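**Student:** Protein chains in written order, with the working numbering: chain A, 1 to 180; chain B, 1001 to 1249.
A virtual CB, placed ideally from N, CA and C, is assigned to each residue, including glycine.
Just so we're clear, the structure is a prediction, and the values are computed from it rather than from any experiment.
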Amino acid sequence: MGRKKSPILSRHAFSTLYERSHLVIFRYIFGLHGGPITEIEDLTGETFIHAWKARRTFQGNEDDAIYWLLRIARNLVYDTFRHQKTQKTGLQKIQNSINQTDKDVEAQIAHHEKVQVLYSLLSNLPPQKREFIVLRYVLGWRIKDIAHYFGMPENTASVTLRRIIEKLRQEWLEDKIEVE
Amino acid sequence: MALLRHIDVQPSKNYYQRMANAPWTQHARDLKYRKLALTIFVLLILAGIFMTITPLRTQAYSLLRYFLPNQSDTLSLNIPIPDAGLPYEIGSSEKYTLTQPEVEALSDFPIEWPARPENLLFQGAYVNPQLESLSLLFTFEGEQIVITQRSAIHDFQRVGSSASIEVFQIGNASVEYLQGGWRLTSTSIQTQSADQQKKVLTLKATWDPNLSQQILRWEDNDILFEIYTHSKTISKDTLIEIAKSLILY
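1. Could you check the C-alpha separation between B:K1236 and B:Q1213 for me, to the nearest Å?
2. Tell me whether B:K1199 sits in a helix, a strand or coil according to DSSP, three-state version.
3. B:S1012 touches chain A at which residues, Cβ-Cβ below 7 Å?
4. Taking beta-carbon pairs under 9 Å, can you tell me which members of the segment 49-64 of chain A lie near chain B?
5. Are the CB atoms of B:D1208 and B:G1171 nearer to each other than 8 Å?
6. Using three-state DSSP, classify B:I1234 as helix, strand or coil.
7. Counting only Cβ pairs nearer than 8 Å, list the residues of chain A close to B:A1205.
8. What residue range is occupied by the uninterrupted alpha helix (DSSP H) comprising A:Q128?
9. Starting from A:T44, find everything on chain B with Cβ-Cβ shorter than 8 Å and list it in chain order.
10. Give a yes or no on whether the minimum CB-CB distance between B:R1018 and chain A is below 8 Å.
11. Span of the beta strand (DSSP E) holding B:A1125?
12. In chain order, what residues of the same chain lie with their CB nearer than 8 Å to the CB of B:Q1100, ignoring the 5 residues before and after it?
13. Measuring alpha carbon to alpha carbon, tell me which of B:V1167, B:P1110, B:N1128 and B:T1238 ends up nearest B:N1119.
14. Using the DSSP secondary-structure output, state which residues sit across from B:E1143 in a beta bridge.
15. Tell me, to the nearest whole angstrom, how far the beta carbon of A:L9 is from that of A:R56; I am working on the premise that it is less than 8 Å.
16. Pull the bridge partners of B:I1170 from the DSSP assignment, please.
17. Could you name the residues of chain A that B:P1101 contacts, counting a contact when the two beta carbons are closer than 9 Å?
18. For B:D1222, return the contacting residues in chain A, with the cut-off set at a CB-CB distance below 9 Å.
19. Checking contacts by CB at 8 Å: is B:L1136 closer than that to chain A?
20. Is A:R27 near B:V1167, with beta carbons less than 8 Å apart?
21. Report the neighbours of B:P1023 on chain A: residues whose CB is nearer than 7 Å to its CB, in chain order.
22. Anyone know if the C-beta pair for A:L69 and A:T47 falls short of 8 Å?
23. Just by C-beta distance, which residues in the segment 1110-1136 of chain B are closer than 9 Å to chain A?
24. Drop a sphere of 10 angstroms on the beta-carbon of A:A73, count the other beta-carbons inside from all chains shown, and report buried for 16 or more, exposed for fewer.
25. In chain B, what lies closer than 9 Å to A:F26 by C-beta?
26. Where do the N-terminal and C-terminal ends of the beta strand (DSSP E) with B:D1220 fall, by residue?
27. Compare the C-alpha of A:I29 against each of A:F58, A:V77, A:K53 and A:Y67 and name the closest.
28. Name the one or two DSSP bridge partners that B:S1135 has.
29. Given that A:Y18 touches chain B, what residues does it touch there, using C-beta distances under 7 Å?
30. Does A:F14 have its Cβ less than 8 Å from a Cβ in chain B?
31. To the nearest angstrom, report how far apart A:S6 and B:T1097 are at their CA atoms.
32. Since A:I143 and A:S123 are thought to touch, with beta carbons under 8 Å apart, how far apart are those beta carbons, to the nearest angstrom?
33. Go to A:T16, then tell me how far its alpha helix (DSSP H) extends in each direction, as first and last residue.
34. What distance in whole Å lies between the Cβ atoms of B:Y1177 and B:I1165, which are believed to be in contact at a cut-off of 8 Å?
35. Could you tell me if A:L121 is buried or exposed, where buried requires 16 or more neighbouring beta carbons within 10 angstroms of its beta carbon?
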């Protein structure tokens, strides 16, 4: 007999998956790539078109489908980096997307600078480490989910994340000193 | 890291406008209209058939989905040829020029490739984008087999009144198997005088249950599948084995 049927084979099932996940994928790509927005939108659309064409090959449940989409998105982002070498220059427009509730102009400038520094540090991280940060802080995933996504023990994921944060913190302080 | 938690980026209106035409939404919309048009077309044909045929065909035929028995074993038809051509025309093997990656890239839907039998060899593919159909040419022990896959607009193939059609289940798919075919006694293609672009195929044929033509048809997840061979040596079991490797369960 044939293979097990993909749960996202029908147009209806795929459409439901798209509605449920397109914002997650968009933010994930934004976190990894950084912008500009039009490129993020192109990559998001491309991710779903790839998934649509390959949906027959997908096996798993609804959560696995999100992981599968993220992997497609990640590969597309890395391909873009390889071809366009935007890795270092991306993330320049991130400051526009931060909710700024403080109306004090000076505070806004300070906030803007912090974001610039943070994203400059993030863009220097190796891809997988940056992905850790994006999953944990941009998408708000729990450590358990990140560990499952990377196929590693929860404890390993937790330690890895702590090390990345510690490294970022040190570099943050060094950068701040340089700025000052 | 708190800064990252407050990211609230949203895709623009342009993005949503663009994605409104994505295949999974567009197809559903198009399919609705196409199904409606096809339903009207089929109803008109059926009305014509019921007005001219007495007695009505046997009850067994009412269960068939992919083959439409004719009132007799002779056929005389005037068929307008669509600009896009015919969906299941087998034609010469020379037109199957596409490789596997090429046909994958051109197809709007994921293509199912047969996994069995082992010595089924892919020769080339042919795509008709207007009809959203693709045909894959294989050889098995030197004989040709064509597998056609198309986005499912439900259609049927007219067969003779004495045609023997087997219906069986593979997984969730109801598969229909036909052996035999129309032996053409005369064909001609005429151009309509009012519109020089429109061509009409005139067929005169007699149903021959012993004609070496075998067809398997079924629908699976909005894709219509057809396996065709005119080989005298390929068995029904071989075609069923191919079908089993294509059908998801």
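**Tutor:** Here's the rundown:
1. Numbered from its first residue, the second sequence carries residue 1236 of chain B at position 236. Numbered from its first residue, the second sequence carries residue 1213 of chain B at position 213. Going by the C-alpha atoms only, they are around 11 Å apart.
2. Walking along the second sequence from the start, residue 1199 of chain B turns up at place 199. It is a strand residue.
3. As a first step, residue 1012 of chain B is located in the second sequence; it is residue number 12 there, counting from the start. Identification of chain A residues near B:S1012 by a Cβ-Cβ cut-off of 7 Å yields I37 and E41, ordered along the chain.
4. So the list reads I49, W52, K53, A54, R55, R56 and T57, given in the order they occur along the chain.
5. As a working mapping, residue 1208 of chain B is identified with position 208 in the second sequence. As a working mapping, residue 1171 of chain B is identified with position 171 in the second sequence. Not closer than 8 Å, so no.
6. The residue you call residue 1234 of chain B lines up with position 234 of the second sequence. Looking at B:I1234 - three-state DSSP - the assignment turns out to be coil, as it is neither helix nor strand.
7. For this step, residue 1205 of chain B is matched to residue 205 along the second sequence. Residues of chain A passing the Cβ test: none, with the nearest at roughly 35 Å.
8. Within the first sequence, residue 128 of chain A is the residue found at index 128, counting from 1. Element bounds for A:Q128: P127 to I133.
9. As a working mapping, residue 44 of chain A is identified with position 44 in the first sequence. Here the neighbours are P1011 and Y1015.
10. Here residue 1018 of chain B refers to the residue found at position 18 of the second sequence. Judged by the 8 Å Cβ criterion, B:R1018 is in contact with chain A.
11. Position 125 of the second sequence, counted from the first residue, corresponds to residue 1125 of chain B. Looking at the DSSP string, the run of the beta strand (DSSP E) that includes B:A1125 is L1120 to N1128.
12. As a first step, residue 1100 of chain B must be located in the second sequence, where it is residue number 100. Excluding residues within five positions, the ones whose Cβ falls inside 8 Å are W1113, F1122 and A1125.
13. Position 119 of the second sequence, counted from the start, is the residue given in the question as residue 1119 of chain B. Minimum Cα distance to B:N1119 is reached at B:T1238.
14. Reading the second sequence from its first residue, position 143 is the one you call residue 1143 of chain B. Answer by DSSP bridge pairing, in chain order: B:F1140.
15. Taking the first sequence and counting its residues from 1, the one referred to as residue 9 of chain A is at position 9. Taking the first sequence and counting its residues from 1, the one referred to as residue 56 of chain A is at position 56. Yes, A:L9 and A:R56 are in contact; Cβ-Cβ is about 6 Å, under 8 Å.
16. Your numbering for residue 1170 of chain B matches position 170 in the second sequence. BP columns for B:I1170 point to B:A1173.
17. Taking the second sequence and counting its residues from 1, one reaches residue 1101 of chain B at position 101. Under the 9 Å cutoff, chain A gives no residues; its nearest Cβ is about 12 Å from B:P1101.
18. Numbered from 1 along the second sequence, position 222 holds the residue referred to as residue 1222 of chain B. Correct list: L9, S10 and R11.
19. On the second sequence, position 136 is the one that residue 1136 of chain B refers to. By the rule that beta-carbons nearer than 8 Å mark a contact, B:L1136 does not touch chain A.
20. Walking along the first sequence from the start, residue 27 of chain A turns up at place 27. Walking along the second sequence from the start, residue 1167 of chain B turns up at place 167. No.
21. Here residue 1023 of chain B refers to the residue found at position 23 when the second sequence is read from its first residue. Contact annotation for B:P1023 against chain A: W52 [CB-CB distance below 7 Å, chain order].
22. Walking along the first sequence from the start, residue 69 of chain A turns up at place 69. Walking along the first sequence from the start, residue 47 of chain A turns up at place 47. Yes; because the gap between Cβ atoms is below 8 Å, this pair is in contact.
23. Those residues of the segment 1110-1136 of chain B that come within reach of chain A (Cβ to Cβ, closer than 9 Å) are P1110, I1111, E1112 and A1115.
24. By 1-based counting over the first sequence, the position of residue 73 of chain A is 73. Result: buried.
25. Your numbering for residue 26 of chain A matches position 26 in the first sequence. By Cβ distance, chain B contributes V1009, Q1010, P1011 and Y1015.
26. The residue labelled residue 1220 of chain B in the question sits at position 220 within the second sequence. DSSP places B:D1220 in the uninterrupted beta strand (DSSP E) bounded by Q1214 to D1220.
27. Along the first sequence, one-based indexing puts residue 29 of chain A at 29. Minimum Cα distance to A:I29 is reached at A:V77.
28. Along the second sequence, read from residue 1 onward, the residue named residue 1135 of chain B stands at position 135. BP columns for B:S1135 point to B:Y1126 and B:T1148.
29. In the first sequence, the residue the question calls residue 18 of chain A occupies position 18. Residues of chain B passing the Cβ test: W1024.
30. Position 14 of the first sequence, counted from the start, is the residue given in the question as residue 14 of chain A. At least one chain B Cβ lies under 8 Å of A:F14.
31. Counting from one through the first sequence, the residue named residue 6 of chain A turns up at place 6. Counting from one through the second sequence, the residue named residue 1097 of chain B turns up at place 97. Pairing A:S6 with B:T1097, the inter-Cα distance amounts to about 30 Å.
32. The residue labelled residue 143 of chain A in the question sits at position 143 within the first sequence. The residue labelled residue 123 of chain A in the question sits at position 123 within the first sequence. A Cβ-Cβ distance of about 24 Å is found for the pair A:I143 and A:S123, leaving them out of contact under the 8 Å criterion.
33. By one-based count along the first sequence, residue 16 of chain A stands at place 16. Per DSSP, the unbroken alpha helix (DSSP H) holding A:T16 starts and ends at R11 to H33.
34. Mapped onto the second sequence, residue 1165 of chain B falls at position 165. Mapped onto the second sequence, residue 1177 of chain B falls at position 177. About 7 Å; that satisfies the 8 Å criterion.
35. What you label residue 121 of chain A is simply residue 121 of the first sequence in a count that begins at 1. Residue environment analysis places A:L121 among the buried positions, since at least 16 neighbouring C-beta atoms fall within 10 angstroms of its C-beta.
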